[in-house]
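**Q** According to the UniProt record's numbering, the residues represented by the sequence shown are 1 to 649, in order.
Virtual Cβ for every residue (Gly too), placed ideally from N, Cα, C.
One structure is given below, represented as structure tokens, and several questions about it will come after.
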Amino acid sequence: AFQENEIKLLTAEIEHLKNFGCLGVSPSLEGLRDENAKLKYRLNFLRKSLQEERSKMAKSMININSCLQEIFGAAIQAAYPDLENPPLVVTPSQQPKFGDYQCNSAMGITQILLKTKEQKVSPREIAEKIAKNIPANECIEKVEIAGPGFINVHLRKDFVSKQLSSLLINGVQPPAVGKRKKVVVDFSSPNIAKEMHVGHLRSTIIGESMCRLFEFAGYDVLRLNHLGDWGTQFGMLIAHLQDKFPDYLTVSPPIGDLQAFYKESKRRFDTEEEFKKRAYQCVVLLQSKNPDFIKAWELICDVSRKEFQKIYNCLDITLIERGESFYHEMMKDIVKEFEDKGFVQVDDGRKIVFVPGFPVPLTIMKSDGGYTYDTSDLAALKHRLCEEKADILIYVVDSGQSVHLQTVFAAGQMIGWYDPKVTRVAHAAFGVVLGEDKKKFKTRSGDTVRLIDLLEEGLKRAMDKLKDKERDKVLTPEELKAAQTSVAFGCIKYADLSHNRLNDYVFSFDKMLDDRGNTAAYLLYAFTRIRAIARLASIDEQMLRKAAREEVLILDHEKEWKLGKCILRFPEILQKILEDLLLHTLCDYLYELATTFTEFYDNCYCVEKDRQSGQIVKVNMWRLLLCEATATVMAKGFDILGIKPVQRM
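Below you can see the structure in the form of structure tokens.
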């Protein structure tokens with residue numbers, strides 16, 4: 001609409017310039033021609049981009065819920081033009097007898113009319129008035145008023161059939177999101193010199209999936225790994241490195257087990273006074289950028305990076321490293337900015353900032369002149385907002401950091417770095433991983449579970465499960481290996497993502513590898529079965545593509561209709577997650593889609609065979625297309641969750 005309006009204005013401007021030239025009033029005819037040429041160029045550019053946008057929108061999957069909201073929004077506006085921001089509630093119906101969707105706005109409007117205008121009108125009467133004002137549209141077959149004022153909506157079958165055909169021809173295209181916004185996601189964020197443990201699993205998996213969703217929806221996504229790669233702990237690590245590998249500057253030290261190296265240096269720091277003093281000196285020399293100490297720091301960081309990367313490779317995680325050290329040079333400016341604006345108080349030598357609404361202040365400088373996590377988090381926030389120009393900023397960090405992050409965000413708002421009405425800054429908090437005893441997940445000896453050990457255990461368990469099912473007898477070694485990694489890592493990811501991230505969840509290999517219920521094992525198996533239906537009927541991709549362009553998808557059977565509508569709910573599911581960042585909604589949807597497909601497959605023959613010979617006598621192509629549409633949506637859902645399906649399982 002904006003582009004169309006600008007085209008109208010530019011066209012009028014060009015006409016104005018033509019008239020201007022004809023009158024012979026312009027002191028510079030050349031200048032006038034230049035201006036005319038510029039406007040024509042801009043007009044052509046806008047026309048072309050508008051054409052591209054329309055083409056993209058034509059291929060996009062339609063969010064049916066949003067369409068219905070627009071329709072009912074217009075109907076309510078026409079029925080009650082004086083109402084400001086009337087409630088607009090459209091949801092999928094839970095039972096077929098209540099239609100396909102419901103508009104439940106009438107009850108809310110009754111309350112508003114009573115409060116603001118002292119008018120007592122029944123919800124049913126309001127619902128009838130809304131129904132009478134529904135504008136002409138292509139998606140509603142009919143509406144019915146039910147109960148006290150529910151408006152039951154029945155969709156047109158030809159509309160649903162057309163949308164399914166578009167999905168099959170164009171693939172799963174995201175709904176148009178308007179201006180391409182910049183999203184920065186901070187996730188994973190382990191500490192250098194410490195191994196990744198089960199506590200890092202949730203941030204890594206949830207953050208990756210959020211990035212994939214925003215990327216699919218057309219956003220410009222920056223994936224940041226805020227490594228703990230700076231601070232006082234490096235003093236003791238460098239001092240220990242100097243003692244253990246004195247020639248580290250010329251010979252690369254063979255640090256095999258960095259965790260043991262860290263524990264050893266920490267023990268010395270706690271028990272040896274001389275070592276402790278030297279560790280503090282090392283911190284000072286590191287922060288003053290002494291080349292030898294920078295080299296030692298880089299060596300330690302590199303050992304950690306290699307270990308982290310093994311895990312990221314297993315889980316197919318992509319990140320840009322931007323640790324605390326990246327923001328170190330910015331910290332003095334942060335302190336100065338808060339001082340200049342009068343927000344700093346001095347408390348026992350520390351520089352602190354009180355943020356309205358938060359009882360605990362931020363410490364932006366210690367009494368010894370050093371910086372804190374508060375300072376580095378403020379520097380990171382400012383850089384992401386002011387340098388990266390993020391429109392949306394998401395921190396995938398455990399719930400325990402909630403108060404700290406909310407204080408940092410409020411400080412950024414207080415100092416004027418962003419306006420929450422314009423820029424979205426969100427903490428995507430998550431609960432802890434519990435063992436089957438409902439306590440924090442630990443090893444038998446009480447240690448934190450190393451993430452690499454957990455992934456290796458997953459691989460072993462997945463192979464055992466496949467062999468129990470005798471898959472090793474029907475799959476090639478390559479197919480068996482692919483199925484093993486797909487099941488192992490898919491199940492670990494799905495077990496996490498299928499739980500509401502705000503809650504703690506119990507980690508259980510037995511539950512996640514169960515091929516019944518809402519698990520990755522069940523969904524992956526269901527997906528390979530769906531993909532096999534056309535293959536076993538000797539229908540290849542080319543034949544399916546041809547059929548998608550030529551066949552009309554018949555949705556006469558109630559199970560065909562139910563499946564068709566379920567497939568088309570995908571865009572509204574994604575839209576909801578973009579708003580609330582709760583990925584378990586996608587898992588619930590994929591499970592619903594798989595079970596709805598099973599109902600359809602059990603009741604509607606896709607391929608009909610002779611009972612005696614087993615020969616194929618009839619292929620119901622429109623039903624095979626429904627199979628293909630289901631598999632296409634499931635594949636995209638898997639991709640967003642970071643799960644890799646296999647052709648044979």
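Identify the residues that DSSP records as bridge partners of Asn191: which are they?
**A** Gly228.
**Q** Among the candidates Cys386, Pro356 and Ile364, whose CA atom is the shortest distance from the CA of Phe338?
**A** Nearest C-alpha to Phe338: Ile364.
**Q** Roughly how many angstroms separate the alpha carbons of Leu583 and Ala380, rounded to a whole number?
**A** One C-alpha to the other measures close to 26 Å.
**Q** Leaving out the 5 sequence neighbours to the left and right, which residues in its chain are closer than 6 Å to Val433 when beta-carbon positions are compared?
**A** The answer, listed in chain order, is Val198, Phe441 and Phe507.
**Q** Output the distance between the C-alpha atoms of Lys493 and Asn170, rounded to the nearest integer angstrom.
**A** Lys493 and Asn170: Cα-Cα distance of roughly 29 Å.
**Q** Spell out the partners DSSP gives Thr91 in its beta bridges.
**A** According to DSSP, which records beta bridges pairwise, Thr91 is partnered with Gln102.
**Q** Can you tell me whether Lys465 is buried or exposed? The criterion is at least 16 other CB atoms within 10 Å of its CB, across all chains shown.
**A** Its Cβ being crowded by 16 or more others within 10 Å, Lys465 is buried.
**Q** Can you give me the C-alpha to C-alpha distance between Cys103 and Ala127, rounded to a whole angstrom?
**A** Each residue's Cα considered, the two are about 9 Å apart.
**Q** Kindly confirm or deny that the region 200-215 and the region 402-417 touch, where touching means at least three C-beta pairs closer than 8 Å.
**A** These segments do not touch.
**Q** State the DSSP-derived secondary structure class of Phe150, mapped to helix, strand or coil.
**A** Three-state result, Phe150: strand.
**Q** For the putative contact between Ile300 and Leu241, defined by C-beta atoms under 8 Å, what is the C-beta separation to the nearest angstrom?
**A** About 7 Å separates the two Cβ atoms, so the contact holds.
**Q** Looking at Leu213 and Ile554, is the spacing between their C-beta atoms short of 8 Å?
**A** No, Cβ-Cβ distance for Ile554 and Leu213 is not below 8 Å.
**Q** What did DSSP end up calling Met331 once you bin it into helix, strand or coil?
**A** Residue state, collapsed to three classes: helix.
**Q** For His557, which of helix, strand or coil comes out of DSSP?
**A** In this structure, His557 counts as coil in the three-state DSSP scheme.
**Q** With a 10 Å radius around its C-beta and 16 neighbouring C-beta atoms as the bar for buried, classify Leu513 as buried or exposed.
**A** Leu513 comes out buried.
**Q** Consult DSSP for Asp464 and reduce its assignment to one of helix, strand or coil.
**A** Asp464 falls in the helix class under three-state DSSP.
**Q** Alpha carbon to alpha carbon, what distance is there between Glu387 and Tyr522?
**A** About 45 Å.
**Q** Report buried or exposed for Asp292, applying the criterion of at least 16 other Cβ atoms within 10 angstroms of its Cβ.
**A** It counts as exposed.
**Q** Quick check on the burial criterion: 16 or more other C-beta atoms within 10 angstroms. Buried or exposed for Asn65?
**A** With 16 or more other Cβ atoms within 10 Å, it is buried.
**Q** Go to His200, then tell me how far its alpha helix (DSSP H) extends in each direction, as first and last residue.
**A** Taken as a continuous stretch (DSSP letters only), the alpha helix (DSSP H) holding His200 covers Val198 to Phe216.
**Q** Within 10 Å of its beta-carbon, does Ser613 have 16 or more other beta-carbons around it, so buried, or fewer, so exposed?
**A** Counting Cβ neighbours within 10 Å, Ser613 comes out exposed, since fewer than 16 surround it.
**Q** Which residue wins for smallest C-alpha separation from Ala488, given the options Val408, Lys473 and Leu459?
**A** Out of Val408, Lys473 and Leu459, Leu459 has the C-alpha closest to the C-alpha of Ala488.
**Q** Does the distance from the C-beta atom of Leu164 to that of Ile567 stay below 8 Å?
**A** A contact, by the Cβ cut-off of 8 Å.
**Q** Where does Val251 sit, in a helix, a strand or coil, going by DSSP?
**A** DSSP places Val251 in coil when its eight states are reduced to three.
**Q** Please determine if the region 257-270 and the region 328-337 are in contact, where contact requires at least 3 C-beta pairs separated by less than 8 Å.
**A** Cβ pair count under 8 Å is below three, so no.
**Q** Would you mind giving the Cβ-Cβ distance between Leu286 and Gly342, rounded to the nearest angstrom? I have them listed as a contact below 8 Å.
**A** 33 Å between Cβ atoms; not a contact.
**Q** Val633: buried (16+ other C-beta within 10 angstroms of its C-beta) or exposed?
**A** Counting Cβ neighbours within 10 Å, Val633 comes out buried, since at least 16 surround it.
**Q** Please say whether Asp220 and Val396 have beta carbons closer to each other than 8 Å?
**A** Cβ atoms of Val396 and Asp220: not closer than 8 Å.
**Q** Apart from the five residues just before and just after Ala426, which ones in its own chain have a Cβ nearer than 6 Å to its Cβ?
**A** Result list for Ala426: Ile394, in chain order.
**Q** In chain order, what are the residue ranges of uninterrupted beta strand (DSSP E) at least 3 long that sit wholly in the UniProt domain "DALR anticodon binding" (523-649)?
**A** The UniProt domain "DALR anticodon binding" (523-649) contains these whole beta strand (DSSP E) runs: 607-609 and 616-619.
**Q** Taking all protein chains shown into account, decide if Cys22 is buried (16 or more other Cβ within 10 angstroms of its Cβ) or exposed.
**A** Any reading at Cys22 must be qualified, since the residue scores a pLDDT of 44, below 50, and its modelled position is unreliable; the value itself is stated next. Per the 10 Å Cβ criterion, exposed.
**Q** What are the uninterrupted segments assigned as beta strand (DSSP E) that are 3 or more residues long and contained completely in the region 455-511, given in chain order?
**A** Listed in chain order, there is nothing to give.
**Q** Any idea what DSSP makes of Thr448, helix, strand or coil?
**A** Thr448 falls in the strand class under three-state DSSP.
**Q** For the region 388-437, list the alpha helix (DSSP H) runs that are entirely contained and at least 4 residues long, ordered along the chain.
**A** As far as the region 388-437 is concerned, its whole alpha helix (DSSP H) runs of at least 4 residues are 402-414.
**Q** Identify which residue in Leu581, Gln484 and Gly99 has its Cα closest to the Cα of Phe150.
**A** Checked all of Leu581, Gln484 and Gly99; the closest Cα to Phe150 is Gly99.
**Q** Would you decide whether Gln484 is buried or exposed? Buried here means 16 or more other CB atoms lie within 10 Å of its CB.
**A** Under this definition Gln484 is a buried residue.
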